[in-house]
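Residue numbers (our numbering), protein chains in the order written: chain D, 723 to 1123; chain L, 723 to 1123.
Number of protein chains: 2
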Amino acid sequence: MPKQSESALAQLRRSHEERVLTLLRKHGALSRREIGDLSGLSRTTLHDIISGLAARGAVVSMTQDSISRGRGRPAESVALNPAAGQAIGIDFARRHVHVAVVNMAHEVIGSADRVHPATLPWTKRVELAEQMIAELAEGAIRLGALTGIGVGVVGPVAGSGQEGAVRRLDVVSQLLRKRFGVPVLVDNNTRLAALGESVWGAAIGCQDVVYLRLSHGVGGGLVLGGSLHRGAYGISGEFGHTTVDPEGAACRCGGRGCLETVASVKALAAAHRAAGGRPGGFAGLLAAVEDGEDRALDLLTRAGALTGQVLAGVCNAVGPGLVVIGGELAEFGPAFLRPVEAALRKHVIPTARGRLRVRPAALGDAGAALGAIALVLHESPLLARYPSVPDTEETEERDNS
Amino acid sequence: MPKQSESALAQLRRSHEERVLTLLRKHGALSRREIGDLSGLSRTTLHDIISGLAARGAVVSMTQDSISRGRGRPAESVALNPAAGQAIGIDFARRHVHVAVVNMAHEVIGSADRVHPATLPWTKRVELAEQMIAELAEGAIRLGALTGIGVGVVGPVAGSGQEGAVRRLDVVSQLLRKRFGVPVLVDNNTRLAALGESVWGAAIGCQDVVYLRLSHGVGGGLVLGGSLHRGAYGISGEFGHTTVDPEGAACRCGGRGCLETVASVKALAAAHRAAGGRPGGFAGLLAAVEDGEDRALDLLTRAGALTGQVLAGVCNAVGPGLVVIGGELAEFGPAFLRPVEAALRKHVIPTARGRLRVRPAALGDAGAALGAIALVLHESPLLARYPSVPDTEETEERDNS
């Protein structure tokens, strides 16, 4: 048999296998029918490809019980072999480092969180992350199987014109790349939390998701078609700086009356104090809401209504299937989320009114670290070219001929 | 040589050829270097694939002069053979039918526009379109080479819950499919105008585009990653119904103070008359603006500022590289567009301020018909499986062996 044709057959098979592996990387466990629908491969070809991958240990069959993704799956699903690779996600937030490790079957196999002063230098933060990873490695993770590290950071990431910020990121990436010898992918941690919620959290199975995070700052992210949407200059999901009150307070962005000036931790605490509420800042407001004080509930109602109005504009533009709300303000529960939903329903176009659902975020502080892992599973260059399967097809083809 | 391997070689080649053809369908003419970058195929493989396609008449080399796309291209580009297929776009607007025909090299080879009463029944509109196509066919187009028909319609299209509207679309699609025997793809005509501008108009070469159309109604569309973004329920690009004045006029959507109530043809004409401006509705306002009357210019400044504010919210969320503004209001030129830009710059987050560009639409009323063609070129099932190349690889491979 001439060498050229043999290699073409192997190449074709490899391209089919890549198609299947890419789907499993992106979606986690899938039924054979789902793989067939998404790959466009015939049932016969698919049976052949999956058998081959399973025989080489690249994929495994999983039953409902062994799947920890939380989605209702049919009894038997195919997933990447959990042992075939691992990905690490690190979220460098303002005052804490969060680390999570996931295997190729999308199972979280370890996570850790460490608080530090906001002034801790970047080299020290990276050291802290390395130490946390080493501790996790003693437990579950095997660094030899590492396919990439995803990193979440505060603030804009690429092409944003803030050269200092970009240089700082380069340093962090290089330190981690040098230490672990795998690709390092960096993105804004709020955007990554959006991706995390869509892969592991409140928005599992949704292709188009608007994620809003109301914390000390207000930001968010878009997942469109199941992937992180970045925008032309890496600037997107900036829902906190839409004007809600042209006569309102000055915002750190240079604008006036931005959503962040009425629906953030600091803004609510200040408004509560100004209205004669109990002291204690945000904690005082939380307590007042728990006690059902009208003054506190009115504040949340107003902030929720303005938040819903901003979300309505975003939803009219983007048309998501689901809105996920995270950050401290989501922890007020219905006292905040109901006014958000009411205003959202009031302000979106009528055809969307009955459809739009709002859910609180499900992953808490782990969202960004998990999203960073999703970024690795979706985009790591190590995974793009057939990572988890030993390169033995040529031999096998020869054996069969 | 065993049959199986021979067929695998042909399949591999076919998959490479499909990759190249798909790129040329989406982007029009490309240089060899661009095809290499986008396809990931090696230079040698690419040379081989393009030579093969050219020998079979599927692609042609084009020099700068023969390319009418308006983009600055290098001296020699590769494009689909203009004679290898054609696509028709039909825009069924409220009071006119617009038809355009484009060949596989993305060249517009014919177009026509016909005005009709808004009450004309749908069967008559389809007949009118057929008649216009037949007239064009006598000239340039060859119906035998037709690969699909794209159709733009007013209002929401799929999954919007307006059953009557969806049934009406089914009728239109079926009539056209029966008459021409090719796939018919339908979408909202404002969204299609957005796609049209990104392929042939003001936003050529931009991957992420926000398109806003201010006419009798106010709507728009998003092109993200070079493709039309539809949203989870087929509802997106609804920029006209974001609240800009909570105390404002009632809107046909049931809301109050939507952008459409201050920045549409009807709203501006009414405001002009109410302010004591000259009669004549919108035409009167146009004349007043041309004469530089302060009262008229102030109206445009206010409408432009509120438009810019809504756009800022959308741009903060989506992060486009370019904003394109179409519809009658764009025809006021700088008197309207400057206030839009000023408000947009004022309200977007600082990092986006220096980057965001605003351009008037370039395709006028033809935008939606051209966008409908782009939809066919991007998504027609006839094109997805290797349409424009005769199925001769098997024979050729055998000849070579």
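Beta carbons are placed, not taken as given, at the ideal position from N, Cα and C, and that holds for glycine.
Endpoints, the beta strand (DSSP E) within which residue i is located
{"i": "residue 808 (chain L)", "result": "808 to 814"}
{"i": "residue 1127 (chain L)", "result": "Shown here, chain L extends from 723 to 1123; a query on residue 1127 (chain L) therefore has no answer."}
{"i": "residue 870 (chain D)", "result": "868 to 875"}
{"i": "residue 761 (chain D)", "result": "That residue, residue 761 (chain D), is in no beta strand (DSSP E); its alpha helix (DSSP H) goes 754 to 761."}
{"i": "residue 1072 (chain L)", "result": "Note, residue 1072 (chain L): premise wrong, no beta strand (DSSP E); alpha helix (DSSP H) at 1072 to 1075."}
{"i": "residue 837 (chain D)", "result": "830 to 837"}
{"i": "residue 1102 (chain L)", "result": "Per DSSP, residue 1102 (chain L) belongs to no beta strand (DSSP E) and is neither H nor E."}
{"i": "residue 802 (chain D)", "result": "798 to 802"}
From the options, residue whose alpha carbon lies closest to that of residue i
{"i": "residue 1088 (chain L)", "options": "L:890, L:913 and L:781", "result": "L:913"}
{"i": "residue 958 (chain L)", "options": "D:942, D:846, D:1000 and D:1036", "result": "D:1036"}
{"i": "residue 814 (chain D)", "options": "D:740, D:1012, D:838 and D:782", "result": "D:838"}
{"i": "residue 872 (chain D)", "options": "D:924, D:754 and D:810", "result": "D:810"}
{"i": "residue 925 (chain L)", "options": "L:745, L:731 and L:1093", "result": "L:1093"}
{"i": "residue 1043 (chain D)", "options": "D:979, D:1075, D:824 and D:778", "result": "D:1075"}
{"i": "residue 909 (chain L)", "options": "L:955, L:965 and L:869", "result": "L:955"}
{"i": "residue 860 (chain D)", "options": "D:759, D:831, D:1079 and D:827", "result": "D:831"}
{"i": "residue 1053 (chain L)", "options": "L:1064, L:987 and L:1100", "result": "L:987"}
{"i": "residue 779 (chain D)", "options": "D:826, D:941 and D:946", "result": "D:826"}
{"i": "residue 1064 (chain D)", "options": "D:1041, D:1022 and D:1008", "result": "D:1022"}
{"i": "residue 950 (chain L)", "options": "L:922, L:981 and L:916", "result": "L:916"}
{"i": "residue 895 (chain D)", "options": "D:829, D:812 and D:972", "result": "D:812"}
{"i": "residue 851 (chain D)", "options": "D:1097, D:1067, D:937 and D:1091", "result": "D:1091"}
Residue i versus residue j: straight-line alpha-carbon distance, rounded
{"i": "residue 721 (chain L)", "j": "residue 784 (chain L)", "result": "It is not possible to answer for residue 721 (chain L), since the shown part of chain L is limited to 723 through 1123."}
{"i": "residue 977 (chain L)", "j": "residue 975 (chain D)", "result": "30 angstroms"}
{"i": "residue 853 (chain D)", "j": "residue 818 (chain D)", "result": "14 angstroms"}
{"i": "residue 734 (chain D)", "j": "residue 734 (chain L)", "result": "6 angstroms"}
{"i": "residue 742 (chain L)", "j": "residue 766 (chain L)", "result": "14 angstroms"}
{"i": "residue 835 (chain L)", "j": "residue 1084 (chain L)", "result": "17 angstroms"}
{"i": "residue 856 (chain D)", "j": "residue 821 (chain D)", "result": "11 angstroms"}
{"i": "residue 1048 (chain L)", "j": "residue 739 (chain L)", "result": "37 angstroms"}
{"i": "residue 800 (chain D)", "j": "residue 745 (chain D)", "result": "11 angstroms"}
{"i": "residue 737 (chain L)", "j": "residue 757 (chain D)", "result": "20 angstroms"}
{"i": "residue 891 (chain L)", "j": "residue 759 (chain D)", "result": "26 angstroms"}
{"i": "residue 877 (chain D)", "j": "residue 960 (chain D)", "result": "10 angstroms"}
{"i": "residue 898 (chain L)", "j": "residue 1100 (chain L)", "result": "19 angstroms"}
{"i": "residue 1016 (chain L)", "j": "residue 1056 (chain L)", "result": "15 angstroms"}
{"i": "residue 807 (chain D)", "j": "residue 946 (chain D)", "result": "26 angstroms"}
{"i": "residue 1079 (chain L)", "j": "residue 1061 (chain L)", "result": "13 angstroms"}
{"i": "residue 723 (chain D)", "j": "residue 774 (chain D)", "result": "For residue 723 (chain D), the pLDDT reaches just 41, beneath the cut-off of 50, and the residue's location in the model is therefore unreliable, leaving the point undetermined."}
{"i": "residue 1002 (chain L)", "j": "residue 989 (chain L)", "result": "14 angstroms"}
{"i": "residue 934 (chain D)", "j": "residue 943 (chain D)", "result": "7 angstroms"}
Within chain L, partners of residue i - CB distance below 7 angstroms
{"i": "residue 910 (chain D)", "result": "The contacting residues do not exist; residue 910 (chain D) stays about 11 angstroms from chain L at best."}
{"i": "residue 965 (chain D)", "result": "1031 and 1069"}
{"i": "residue 977 (chain D)", "result": "1069"}
{"i": "residue 958 (chain D)", "result": "1039, 1040 and 1041"}
{"i": "residue 946 (chain D)", "result": "946 and 951"}
{"i": "residue 1025 (chain D)", "result": "What residue 1025 (chain D) touches in chain L: nothing, since even the nearest Cβ is about 16 angstroms away."}
{"i": "residue 1083 (chain D)", "result": "Residues of chain L passing the Cβ test: none, with the nearest at roughly 18 angstroms."}
{"i": "residue 815 (chain D)", "result": "None at all; the shortest Cβ gap to chain L is about 20 angstroms."}
Listed by chain order, chain D residues near residue i by CB distance under 8 angstroms
{"i": "residue 955 (chain L)", "result": "1041, 1043, 1073, 1074 and 1077"}
{"i": "residue 930 (chain L)", "result": "953 and 954"}
{"i": "residue 801 (chain L)", "result": "Within 8 angstroms Cβ-Cβ: nothing; residue 801 (chain L) doesn't reach chain D, min ~26 angstroms."}
{"i": "residue 809 (chain L)", "result": "None at all; the shortest Cβ gap to chain D is about 23 angstroms."}
Proximal chain D residues relative to residue i, where beta-carbon distance stays under 9 angstroms
{"i": "residue 1058 (chain L)", "result": "None at all; the shortest Cβ gap to chain D is about 20 angstroms."}
{"i": "residue 878 (chain L)", "result": "1071 and 1073"}
{"i": "residue 961 (chain L)", "result": "1035, 1038 and 1039"}
{"i": "residue 1019 (chain L)", "result": "Those within 9 angstroms of residue 1019 (chain L) in chain D number zero; the least Cβ separation is about 21 angstroms."}
{"i": "residue 1064 (chain L)", "result": "Here the premise fails: no neighbours, minimum Cβ distance about 14 angstroms."}
{"i": "residue 971 (chain L)", "result": "Neighbours of residue 971 (chain L) on chain D: none; closest Cβ ~15 angstroms, over 9 angstroms."}
Amino acids of chain D, ordered along the chain, whose beta-carbon sits closer than 7 angstroms to that of residue i
{"i": "residue 733 (chain L)", "result": "734"}
{"i": "residue 737 (chain L)", "result": "737"}
{"i": "residue 991 (chain L)", "result": "Per Cβ cutoff of 7 angstroms: no residues; residue 991 (chain L) is ~23 angstroms from chain D at best."}
Residue interval of the alpha helix (DSSP H) (run including residue i)
{"i": "residue 818 (chain D)", "result": "First-last for residue 818 (chain D): 818 to 825, but that is the beta strand (DSSP E), not the alpha helix (DSSP H)."}
{"i": "residue 967 (chain D)", "result": "Run containing residue 967 (chain D): none; DSSP gives neither H nor E here."}
{"i": "residue 1048 (chain D)", "result": "Unbroken run through residue 1048 (chain D) is the beta strand (DSSP E), 1044 to 1048; no alpha helix (DSSP H)."}
{"i": "residue 1085 (chain D)", "result": "Residue 1085 (chain D) -> no alpha helix (DSSP H), and no H or E assigned at all."}
{"i": "residue 776 (chain L)", "result": "765 to 777"}
Beta-carbon neighbours of residue i, restricted to chain L and to distances below 8 angstroms
{"i": "residue 925 (chain D)", "result": "In chain order: nothing, as chain L lies at least about 11 angstroms away."}
Note to self: I'd like the ranges of any beta strand (DSSP E) spanning at least 3 consecutive residues and lying wholly in the segment 888 to 959 of chain D.
What the structure shows: 906 to 910, 931 to 936, 940 to 946 and 949 to 951
Item checked: Segments of 4+ residues assigned as alpha helix (DSSP H) that fall wholly inside the segment 987 to 1046 of chain D -> 987 to 996, 1003 to 1012 and 1016 to 1040
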